Every structure is written in C-alpha cells, then in structure tokens.
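Residue numbers (this note's numbering): 1 to 155.
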C-alpha cells in the first residue's frame with residue numbers, strides 16, 4: 001500500500017517490484033506476480049511497473065533489480081521493504097552497487113511492548129522473535145559469504 005502512496009506522490013517515478021517465487025523447489029507466485037494486481041487496483045498505472053520475477057532471495061533481488069533498471073548517477077531510488085528486513089536489504093543493495101534511500105514500512109511494533117507475561121501476547125512474541133532470528137541469521141550468513149560488508153549494517 002505504501003508503494004501506491006509513493007507512486008501517487010511521485011507521479012513520474014518508476015515502480016519496481018522485485019521478487020520471484022522465493023522458493024528453490026516449490027512453485028507459487030512471487031511479489032512480481034502478485035503486487036501488480038494490488039498496485040493497479042490502488043490506481044497505479046500498469047505501464048509504470050517494472051517487474052523483476054527471477055529472484056529467490058534478497059541477494060538476487062538486489063543483483064537482478066540493478067541489472068534490470070541500470071540506475072544512473074544522480075537518480076534517486078527508494079528501497080521499500082518491511083522495517084525488520086531493511087538492514088539486510090539495504091546492505092545487499094549497497095554491496096550490489098545500487099544506491100538506494102531506505103523507506104521502511106510494515107513496522108511490527110505498537111510501541112507498547114513490555115517485559116512480563118501479562119503484558120505480552122505469547123504468540124505475537126514468538127512470531128516476532130522468530131522473525132528477528134531469521135533476519136539475524138540472514139545478516140550473519142550473507143556476511144560470512146561475503147555478500148555484505150559487515151554483519152551489522154549502518155553501524
């Protein structure tokens with residue numbers, strides 16, 4: 001939804017949606033297949049969309065998107081992704097040589113989190129912890145493989 005808001009705010013901007021199935025073995029629709037339906041329903045013209053549908057992970061998102069759009073010096077590209085995923089995505093786009101401005105969305109906190117069994121919903125806490133662990137493992141794995149320069153980007 002934020003992408004549609006940004007598209008309205010910047011009517012001449014290109015809108016790139018990057019994401020294949022995200023699976024090595026299973027079939028399914030990735031972001032590049034599903035997002036155009038939502039974006040056009042929200043009023044974004046289909047001819048503004050550039051779709052990258054080969055990537056299976058964030059590293060491939062960065063590499064394939066850069067190849068697809070060939071960003072030019074002086075152009076401003078916003079990187080729109082979930083706030084919890086932004087450190088890894090930004091580090092990978094930087095390493096790919098694709099200068100972007102981070103635009104985090106989909107914040108998963110209410111600002112009212114606390115410590116204690118009675119204030120937190122255990123299911124929500126488990127989901128948030130699982131998501132955080134996945135992102136930290138992803139950052140560490142990409143750092144070990146040399147796909148990002150530091151395990152804690154932006155620090």
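Where a beta carbon is used, it is the ideal one built from N, C-alpha and C, also for glycine.
In this text the structure is predicted, and so the values were computed from the model without any measurement.
Residue i lies in the beta strand (DSSP E); which residues open and close that run?
| i | result |
| --- | --- |
| residue 18 | 15-18 |
| residue 125 | From DSSP, residue 125 is part of no beta strand (DSSP E) but of the alpha helix (DSSP H) over 122-144. |
| residue 63 | Looking at the DSSP string, residue 63 is not in any beta strand (DSSP E); the run it does join, the alpha helix (DSSP H), is 58-69. |
| residue 52 | 49-52 |
| residue 44 | It is not in any beta strand (DSSP E) - residue 44 carries neither H nor E in the DSSP assignment. |
| residue 102 | 101-105 |
Mind checking residue i: buried by the 16 CB within 10 Å criterion, or exposed?
| i | result |
| --- | --- |
| residue 108 | exposed |
| residue 44 | buried |
| residue 76 | exposed |
| residue 152 | exposed |
| residue 148 | buried |
| residue 121 | exposed |
Mind checking which residues open and close the alpha helix (DSSP H) that includes residue i?
| i | result |
| --- | --- |
| residue 81 | Careful: residue 81 lies outside any alpha helix (DSSP H), inside the beta strand (DSSP E) at 78-82. |
| residue 2 | 2-9 |
| residue 95 | 86-95 |
Query - At least three beta-carbon pairs within less than 8 angstroms, the region 88-107 to the region 130-143 - result: Contact holds: three or more Cβ-Cβ distances are below 8 angstroms.
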